[in-house]
Amino acid sequence: MFMEYESQVREYLRQIKLLRAEKIEVMSNVSSTSDSFTTMMFKKAAEAKAAKLKLEFAAKEIELKHLLW
């Protein structure tokens with residue numbers, strides 16, 4: 004069972020890294036003349052995805068700690 008959770012934790016971490024990279028890429032592709040509202044929305048969407056994954060990761064981490072006790 005531990006291996007299953009370890010695999011899930013690794014997947015959550017991988018997804019967080021991908022979202023961070025996606026956010027950096029989106030922000031670097033935005034030209035200085037682009038609409039600031041669009042830029043803000045891309046940033047907020049990336050932050051929301053990252054926050055959701057962090058919450059899911061934290062829940063799994065708590066569940067894993069509970070199982071190990």
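Numbering (the working numbering), first residue to last: 4 to 72. Every residue, glycine too, gets a C-beta built ideally from N, C-alpha and C.
MET43 to ALA49 span [Cα, whole Å]: 10 Å
Of the residues ARG13, LYS52, VAL12, which one's Cα is nearest the Cα of ALA24? LYS52
When the Cα atoms are used, what is the spatial distance from LYS20 to LEU58?
15 Å
| query | Among GLN11, GLU9, LEU56, ARG13, which has the Cα closest to the Cα of LEU22? | reply | LEU56
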